[in-house]
Amino acid sequence: MIDYTKETTLDVKKILSEKLDIEYDDYIILDVCKIIVYSDKGKTNISLYKPSVALSTASSFSGFDKLSKLAIEAEEGLKKVIDPNR
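When we follow my numbering, the leftmost residue of the sequence shown carries the number 4, and every step to the right adds one.
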């Protein structure tokens, strides 16, 4: 079984430090879920790609309307996971 958290996690802080000698706050990208977790002035932030935006490139495909509706539903569910008070 593949551990996707190890296989597809990008440590942006480490990459910037090693490649460009730039010190940066914690910043990782969990590619398997398209989730970005980063620290800004001591506050942890979570960001993710909006399914509706990702799907917008497929607007010419048949069935786009159904997929678009599903993407919006998924997006609302993801928003609730990140911020339960929404």
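Don't be surprised by glycine CBs; every beta carbon is placed ideally from N, CA and C.
Across the structure, residue 65 and residue 59 are spaced so that their CA atoms are roughly 13 Å apart. Our two residues, residue 29 and residue 50, have alpha carbons roughly 14 Å apart in a direct line. In the three-state DSSP reduction, residue 50 falls in the strand class (E or B). Of the residues assessed, residue 54 falls on the buried side of the cut-off, its CB having 16 or more other CB atoms within 10 angstroms. The Cβ neighbour count for residue 57, taken over all protein chains shown within 10 Å, is under 16; the residue is labelled exposed. For residue 45, the closest of 38, 33, 27 and 61 by C-alpha to C-alpha distance is 27.
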